[in-house]
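Notes follow the structure.
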Amino acid sequence: MMVRMFSMLALLMWLGGAAYVQETAAPDTTQADAVVYMKGLSCEKCAESVSIELKRVEGVAEVKVFLEAPQRALLTLKEGAEVTEEVLRKAVERAGFQVERVTLRPRKSS
Numbered sequence: 006m007m008v009r010m011f012s013m014l015a016l017l018m019w020l021g022g023a024a025y026v027q028e029t030a031a032p033d034t035t036q037a038d039a040v041v042y043m044k045g046l047s048c049e050k051c052a053e054s055v056s057i058e059l060k061r062v063e064g065v066a067e068v069k070v071f072l073e074a075p076q077r078a079l080l081t082l083k084e085g086a087e088v089t090e091e092v093l094r095k096a097v098e099r100a101g102f103q104v105e106r107v108t109l110r111p112r113k114s115s
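Residue 6 is where the sequence shown starts when you use my numbering, and the numbers rise one by one after that.
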């Protein structure tokens, strides 16, 4: 019985650790259309509130928020979308967090 409990505990710890490594793998910021660096996020609910506000911005297609330092959101914009740094800053501030900087990747003109 004790061996079985230990085995289950070890399995749960291993699965939890594997999920954490996967979530915190360094994202490729060069593939994002915009990166918003921020501070003050401490949990998944914080990340979710930032994600919701950023997704409300017209032209934002996808948002991925990372809690580990540097805390940031990687954004994919819709084709032809014009999004400004100011609009992204305001969205993060509405969620209750402070923006350190915003990087917008230049859009290729056709």
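Glycine residues also receive a C-beta, built at the ideal position from the N, C-alpha and C atoms.
Using a 10 angstroms sphere on the CB of Ser-47, the tally of other CB atoms stays under 16, which defines it as exposed. Looking from the CA of Leu-109, the closest CA among Leu-93, Val-62, Phe-102 belongs to Leu-93. Separation of Glu-53 and Arg-112 (C-alpha to C-alpha, rounded to the nearest whole angstrom) is 27 Å. For Gln-103, the number of other beta carbons within 10 angstroms of its own is below 16, and it is reported as exposed. Non-local beta-carbon contacts of Ala-39 in its own chain, meaning distances under 6 Å to residues more than five positions away in sequence, involve Leu-80, Leu-109 in chain order. By the Cβ neighbour-count rule, Gln-36 is exposed, with fewer than 16 other Cβ atoms within 10 Å of its own. By the neighbour-count criterion, in which 16 or more other beta carbons inside 10 Å mark a residue as buried, Glu-91 falls on the exposed side. For Lys-69, the beta-bridge partners assigned by DSSP are Leu-79. Here Arg-99 has Glu-58 as same chain residues with Cβ atoms under 7 Å from its own Cβ, once five neighbours each way along the sequence are excluded.
In this chain, the alpha helix (DSSP H) harbouring Ala-96 covers 90 to 99.
In the DSSP assignment, Glu-58 falls outside any beta strand (DSSP E) and lies within the alpha helix (DSSP H) extending over 49 to 60.
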